[in-house]
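Residues 1 to 1077 (UniProt numbering) make up the sequence shown, in order. All residues carry an ideal CB built from backbone N, CA and C; glycine is no exception. These notes concern the structure reproduced below.
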Amino acid sequence: MHCAQPDIFWAALLEKAYAKLYGGYTFLKYGTVGRALQDLTGAVVQSVPPSGPLLGGAVPRSTLLIAISGLEKETKRRRSGLLTEHPYCVTGLARVRANSNDSVTHGSGSSGGDTSLIRLRSPWIGGEWGGVWCGAWSERSWEWNALNERDRELLSSRSSNDCEFWMSVNEFLTRFVVIWLAHIGPDDWALEPGLHTRAPWRAALAVRQWRAGFNAGGPHKFIETTATNPQFRIRVPPGHPSKAHVVVAVAQKYECYRSRNYEDEEIGFTIYEVPPGMQRVTPQYVSEQMPLDFAPLSNLREIATFFALPAGDFVVMPHAAQHREGRFLLRIFADQHTDVWEVNEENLVIHNIAAEFCDERTIDARILYKLRARYPHEIDATQLQAILKAHGGNNRGFRGLGGINCGPSLELCRGMLALRDPALGGRLSIEHVPALIGLMRFWKAAFRRCGPSSSGTATLSRGIWASKVSSYCLRGLLWAGGATASNKVLEALVSRFTRNRQITLEGYLLSMARLHLAHGEYTGGKRLSRRITNKISYSTERYHSLDAKAKASPLSLEEPDTGNLTLGNFVDFTQWLGIDYGEPKLRKRYDYVIVGAGPAGSVLAARLTEDPAVSVLLLEAGRSEIPLATTVPLAAPNLQATDYNFAYESEPQTRGCLGLWDRKCSWPHGRGVGGSSIINYMIYTRGNRRDYDAWAAAGNPGWSWDEMLPYHIRAERANIRDFGRNGAHGRNGPLSVEDCPFRSKIATTFIESGQLAGYPYLDYNAGDQIGVSFLQANTEQGRRVTSGNAYLYPARKRPNLHILTRAWVTKLMINKATKEATGVVYVRDGKTRSVKARKEVILSAGAFESSKILMLSGIGPEEHLQSLGIPVLQDLPVGELLYEHPGVFGPVFLVRKPIDDYISLEDNINFSIDYGEPKLRKVYDYVIVGAGPAGSALATRLSEDPAVSVLLLEAGRAEIPLVTMVPLGNTNLQATDYNFAYESEPQTRGCLGLQDRKCSWPHGRGVGGSSIINSMIYTRGNRRDYDAWAAAGNPGWSWDEMLPYHIRAERANIRDFDRNGFHGQNGPLSVEDCPFR
């Protein structure tokens, strides 16, 4: 729906479009012009009273202005021609000088001076109710006729449409009562050619959330907590002649298809001007300074304010009601260079800050003597707890650390003990107890100094261990204890160690211990050497281990090429690159509840939900896959070092794993959507026919080899060179099975040797396994195939399938009368929830986890469960029989004389594409030099004619798909011989910070040219450039002539635009938009 002219925005179309969006014209009574603009454009929308400075700042930008005319008592249409209470589009401004003689003659007050004019577009065209202005500066007015001919022609050309007219700004300000501003973001600006005559906004956006007890501090009247709200810094650099026009907008999460104007929650924001050196707005600053401006709490879906900011630093703090949780979207638009970033501390630990408390000389030597006499040389956490409780109340050295009925818990003692136990053996030398207690005293003093005295929630009558402090104070408590934490780390600490928005001394000490453990401050009981950092006498170090999974989402920037907003925040690829299984709105009951999204759970969930009448909830303790990492076959050992692996270990062994730590075998076990198929080595083996037949003979009907074979065939999509057509493999299933794409001469010789020794060359997945064969693998064109991407990814959008990741099942809900499972209890985001099943609860969490869940539910060996305090529901030998398939390394031979080209890994264990070694002719029809994008396309197209001979010469080598197909590997590839690695001559104006002032100039070398090492951005170029080339004497190069070739080359998969006529579907060149946004 659009005007005949693509560069015109007609406000009258808003009503029709709004009615179409909401499904009927009855919804117009709930809507407003601003709401329609917001729903239909996604712009930042605000309503303001008309003003001259506002028009000057907004009209030149990519902002739509809709002015609403005021009421008039006498008639619906004013004598001047304006329609009352109708929207008029503001389309331009101008300044003219009227003829002074005519001004005097007609009594004008302008006296020949400059007059500011505004151009408007009427909501209706022609007819009695045309709504076109008939007053001063209209085309029939004397003011218009008083203009010289050149000015009249210029203004007429700018208002060539019948519905457009000019009027003076002063007249406009008196006749219009409100202006709706719709600030269009740079992404939409780039897609709308009609806006390209206006300068784009520079934009930054962030999606964040308020969490009670952490950053839901409320508006600025709550002085103690408002500074905990998310803070975003705006820096307007000096040097610009005018103030920066900035739009700040905060939107809450809302449902678009609502029939009213207001949302459930109240939101607002506060903006402070701060000194350049101040990192964060503090409660003290809030109490001493008035905010520059604030938007009071309102239950609108979005609150926006237009500012004119001078050079300086400003902090924006979005807020909801105090302690109210919710998600919000912050958008900041600026019309000039402006730096925007989220205020976020570094993760720091200040070492040796408690040195005077940790000095053993401050501890009475007699106490240390008594400890040595009473306790062994090394103590565990239980003994440390006994020491603190026994000596805490009446000994000078330990005073205030505990007593008989209060003091540190066993969990805290374990954490403190680990600080001085680098081997993690759970033991502490008695010599280190005084220093450890000194550190606890220091932290306790910090808690007393910053906590209960100011929080108003302490219960000092019960002692310091019973005192509680508001969890909003935790950032200050950490600083007082010698540490700082980033926003996400602090959020994790609040979630883990606080309760009811309060933190106790126990929780604070645990927080400090976890921070120090994450940093690895202590080694063997010796203090680390001091280093001077930022002129502080204490040594400081950054730590990153806690942030591995808890780093803040980046403040993403949307800006055109001319933008200069800056940002330097950490990107959590786990959040953005993982497969999105959504956040389903959970039901109370499902037909089936499946625990574990490994190979078994994925198949069950996908097959059961093929029936739309069946509802399934799939619970997985891990997270979704990151295809960029998990589909790389040789990444298996790296993935086993991540949280995709439960990383179990066996008990100490007497016959195996004797060379490993504590003689414990490593036992990888997958955790994530796909289970162990994410981290295994992809070898596809069905097993032996005799095992299947033995299971059937043992009383399991349906499990014989012949009965199971059809299910294997149905599951497979096989691409096996020698055995794909032997009747034992399927072609149409979801699970890809293929053999290795390369076979070295050594491997082939091994197979031939086995055959000469009498062993048949066979398909080891066809039942018989006595022979030799090449491996079959769960891969597809060299990429790993997991049960998650084979079964769940295609089914993830089924409405009857809900997939919930990071949901840790802790117990089965069992009807004690019938002993039937009715549901499960699980933990997610620190909260315990339950869900019930109408038909079945299916445990498919693997050999370890399924057994563990059964035992936690009271089903297992009675004696073992009772030793752990678990009520026994059924005595069964759960977990007592476990088999692991053995891996046997056969004879190893040293090949003294190379027998093929695959001996040297450097010179080819050849993963590269094989283009062969052609027998060259003396003459070719075409000789093409360079196999880059141009040469590759030419060689392919020319050789489509079998009568044409082509020789393609390339200086580089063939691609290695395992390496060159990884998108984010381009920077690494530029450091290889795939890059000519040119450098410019020394520069005088650019690259001044580089070595010898030389710019790096990457240039691809290899089959594919620069497309091997570039960043894969697909850009055709500008229409005007093509037309300019054609006009310069290059026939056939205009945009309209070249477009069919672009379309023919493409195989497009673009979400929003692949059907707009500008993209092809059947070409060789794949073009797609980014899978995540």
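query                                                                                                                                                                             : result
In or out: Tyr684 buried (at least 16 other Cβ within 10 Å) or exposed?                                                                                                           : buried
Can you tell me where the alpha helix (DSSP H) holding Trp703 begins and where it ends?                                                                                           : Element bounds for Trp703: n/a, residue is neither H nor E.
Please name the residue in Val950, Cys1074 and Ala613 whose C-alpha comes closest to that of residue 1093.                                                                        : Since the first and last residues shown for the chain are 1 and 1077, residue 1093 lies out of range.
In whole angstroms, what is the alpha-carbon distance linking Gly687 and Asp768?                                                                                                  : 9 angstroms
Quick one: grab the DSSP three-state call for Met682.                                                                                                                             : coil
So the candidates are Leu843, Glu224 and Phe307; which of them puts its Cα closest to the Cα of Val286?                                                                           : Glu224
Exposed or buried, which one is Val927 when buried takes at least 16 other CB atoms within 10 Å?                                                                                  : exposed
Tell me the rounded alpha-carbon separation between Trp1037 and Ile1012.                                                                                                          : 27 angstroms
Looking at the strands, I want to know which residues DSSP matches up with residue 1082.                                                                                          : Residue 1082 lies beyond the range of the chain shown here (1 to 1077); nothing can be said about it.
Run through DSSP, which three-state label would Arg1059 get?                                                                                                                      : coil
Going along the chain, which residues of its own chain have a beta-carbon closer than 6 angstroms to the beta-carbon of Leu658, five neighbours each way excluded?                : none
In whole angstroms, what is the alpha-carbon distance linking Phe172 and Ile1054?                                                                                                 : 45 angstroms
May I ask you to list the residues that DSSP assigns as paired with Tyr982?                                                                                                       : Trp1001
Touching or not, the stretch 629 to 648 and the stretch 819 to 837, by the rule of three or more beta carbon pairs under 8 angstroms?                                             : no
To the nearest angstrom, how far is the alpha carbon of Gly1033 from that of Ala931?                                                                                              : 28 angstroms
Assuming contact is defined by CB atoms lying nearer than 8 angstroms, are Pro87 and Ile66 in contact in what I supplied?                                                         : yes
At what residues does the alpha helix (DSSP H) containing Leu876 begin and finish?                                                                                                : Per DSSP, Leu876 belongs to no alpha helix (DSSP H) and is neither H nor E.
With DSSP as the reference, identify every bridge partner of Pro87, one or two as the case may be.                                                                                : Ile68
Near Phe497, what residues of its chain come up, given a Cβ to Cβ distance below 7 angstroms and the 5 sequence neighbours on each side ignored?                                  : Ile503, Gly507, Leu510 and Ser511
Rounded to a whole number of angstroms, what is the C-alpha to C-alpha distance between Thr609 and Thr786?                                                                        : 19 angstroms
Within the same chain, show all residues whose beta-carbon is closer than 8 angstroms to that of Thr49, passing over the 5 residues directly before and after it, in chain order. : The sequence shown places Pro at residue 49, not Thr. So the qualifying residues of the chain are Val177, Val178 and Ile179.
Between the beta-carbon of Phe333 and the beta-carbon of Val246, is there less than 8 angstroms?                                                                                  : yes
Rounded to whole angstroms, what's the CA-CA distance from Lys852 to Gly823? Just pull it up for me.                                                                              : 16 angstroms
Using CA coordinates, which residue listed in Gly407, Val433 and Gly598 is at the minimum distance from Ser844?                                                                   : Gly598
DSSP on Ile1017, reduced to helix/strand/coil?                                                                                                                                    : coil
Can you tell which of Ala311, Arg714, Met813 and Leu953 has its C-alpha closest to the C-alpha of Pro918?                                                                         : Leu953
At which residues does the alpha helix (DSSP H) containing Pro283 begin and terminate?                                                                                            : Pro283 to Glu288
Less than 8 angstroms between the CB atoms is what I'm expecting for Tyr592 and Ala934, so what's the real figure, rounded?                                                       : At roughly 56 angstroms, the Cβ-Cβ gap does not stay under 8 angstroms, so Tyr592 and Ala934 are not in contact.
Quick one: is Asp421 buried, meaning 16 or more other Cβ sit within 10 Å of its Cβ, or exposed?                                                                                   : buried
Leaving out five residues before and five after Tyr793 in sequence, what residues of the same chain have Cβ atoms less than 8 angstroms from its Cβ?                              : Ile579
Go through its chain and collect everything with a Cβ distance to Glu884's Cβ below 8 angstroms, but skip five positions before and after it.                                     : Trp667
Go through the stretch 728 to 815 residue by residue and report every complete run of the alpha helix (DSSP H) that reaches 4 residues or more, in order.                         : 745 to 756
Given that a residue counts as buried once 16 or more other Cβ atoms are within 10 Å of its Cβ, and exposed if not, what is Thr971?                                               : exposed
Determine contact between the stretch 337 to 350 and the stretch 291 to 305, defined as no fewer than three beta-carbon pairs at a distance below 8 angstroms.                    : no
Report all residues from its chain with a CB closer than 6 angstroms to the CB of Leu660; omit the five preceding and five following residues, and keep chain order.              : none
Taking 6 angstroms as the limit between beta carbons, can you name the residues of its chain near Ala937, skipping five residues before and five after?                           : none
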